[in-house]
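Below: the structure, in structure tokens.
Numbering (this note's numbering), first residue to last: 1283 to 1374.
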């Protein structure tokens, strides 16, 4: 999650918004993470019990792979898209 440099109200929840804020676009596809064009910094450690895992969202085209738990996020972070449960809602 971003820790500095964002204007007030700038949102980074979801991959599209995050990429826009980071200046990433399709030109970065297949670029190595250790290349000169990208600069990644180590962040603060996150306790294992705060890491959530679930199915990917909006990738129905991926068939069975869409349901794989490849989506990771930090519990209670405001910088990720809200997780939408696939479980049926209970009616009051």
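Think of the CB as a built atom: it goes at the ideal place given N, C-alpha and C, for glycine as much as any other residue. These numbers were taken from a predicted model, which means no experiment stands behind them.
Short of 8 Å from the beta carbon of residue 1334, and not among the five residues preceding or following it, lie these beta carbons of its own chain, in chain order: 1354, 1355, 1356, 1357 and 1365. In this model, residue 1310 and residue 1293 are separated by some 21 Å (Cα to Cα).
For residue 1336, the enclosing beta strand (DSSP E) stretches over residues 1333-1336.
Distances from the CA of residue 1337 to each of 1346, 1315, 1288 and 1297 were compared; the closest alpha carbon is that of 1346. Under the 10 Å beta carbon count, residue 1328 is surrounded by fewer than 16 other beta carbons and is classified as exposed.
Residue pairing for residue 1354: DSSP places it in a beta bridge opposite 1335. In this chain, the alpha helix (DSSP H) harbouring residue 1303 covers 1297-1304.
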